[in-house]
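Okay, so the sequence shown: first residue is 0 according to numbering that gives the first Met the number 0, each after it adds one.
All C-beta atoms in this analysis are idealised placements derived from N, C-alpha and C, irrespective of residue type, glycine included.
Below is one structure, written out as C-alpha coordinates; comments come after it.
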Amino acid sequence: MHVLGILFDLDAANICRNIHALLPVLEQALPAPLRPRTLQAEPDNAPGGVSR
(Lines of atoms letter the chains of each structure in order from A and count residues from 1; the text may use other names and numbers.)
(Lines give C-alpha, C1' and ligand atoms only; values in the text may rest on other atoms or scores of the structure.)
Protein backbone atom coordinates (compact mmCIF):
# COMPACT_ATOMS: atom_id res chain seq x y z
CA MET A 1 0.00 0.00 0.00
CA HIS A 2 2.88 2.32 0.74
CA VAL A 3 4.35 1.90 -2.75
CA LEU A 4 0.94 2.40 -4.39
CA GLY A 5 0.50 5.56 -2.35
CA ILE A 6 3.79 6.90 -3.64
CA LEU A 7 3.08 5.88 -7.23
CA PHE A 8 -0.41 7.39 -7.32
CA ASP A 9 0.13 10.24 -4.83
CA LEU A 10 -2.58 8.97 -2.46
CA ASP A 11 -2.61 8.38 1.28
CA ALA A 12 -2.88 4.91 2.82
CA ALA A 13 -6.59 5.29 3.62
CA ASN A 14 -7.45 5.97 -0.03
CA ILE A 15 -5.32 3.07 -1.21
CA CYS A 16 -6.99 0.75 1.32
CA ARG A 17 -10.49 1.81 0.25
CA ASN A 18 -9.62 1.36 -3.43
CA ILE A 19 -8.14 -2.09 -2.88
CA HIS A 20 -11.16 -3.27 -0.91
CA ALA A 21 -13.53 -1.88 -3.56
CA LEU A 22 -11.63 -3.58 -6.41
CA LEU A 23 -10.77 -6.85 -4.69
CA PRO A 24 -13.94 -8.75 -5.76
CA VAL A 25 -13.43 -7.70 -9.40
CA LEU A 26 -9.76 -8.67 -9.33
CA GLU A 27 -10.53 -12.04 -7.74
CA GLN A 28 -12.98 -12.83 -10.56
CA ALA A 29 -10.72 -11.57 -13.35
CA LEU A 30 -7.39 -13.06 -12.24
CA PRO A 31 -6.82 -16.79 -12.08
CA ALA A 32 -5.77 -17.51 -8.51
CA PRO A 33 -6.26 -20.39 -6.10
CA LEU A 34 -9.02 -20.02 -3.56
CA ARG A 35 -7.79 -18.73 -0.23
CA PRO A 36 -9.34 -17.44 2.96
CA ARG A 37 -9.85 -13.67 2.87
CA THR A 38 -7.90 -12.84 6.00
CA LEU A 39 -4.63 -11.16 6.79
CA GLN A 40 -4.03 -13.26 9.88
CA ALA A 41 -1.66 -16.19 9.45
CA GLU A 42 -2.82 -19.58 10.58
CA PRO A 43 -0.65 -21.24 13.23
CA ASP A 44 1.50 -24.19 12.17
CA ASN A 45 0.26 -27.55 13.43
CA ALA A 46 3.58 -29.39 13.13
CA PRO A 47 6.17 -29.06 15.89
CA GLY A 48 9.05 -26.75 15.00
CA GLY A 49 6.92 -24.66 12.62
CA VAL A 50 7.36 -27.02 9.65
CA SER A 51 4.13 -27.89 7.86
CA ARG A 52 3.83 -31.14 5.95
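In terms of residues, what are the limits of the alpha helix (DSSP H) holding residue i?
i   : result
P23 : 11 to 28
Give the straight-line distance between the Cα atoms of residue i and residue j, rounded to the nearest whole angstrom.
i   : j   : result
P30 : L22 : 13 angstroms
G4  : D10 : 6 angstroms
A20 : N13 : 11 angstroms
L6  : I18 : 14 angstroms
A28 : D8  : 26 angstroms
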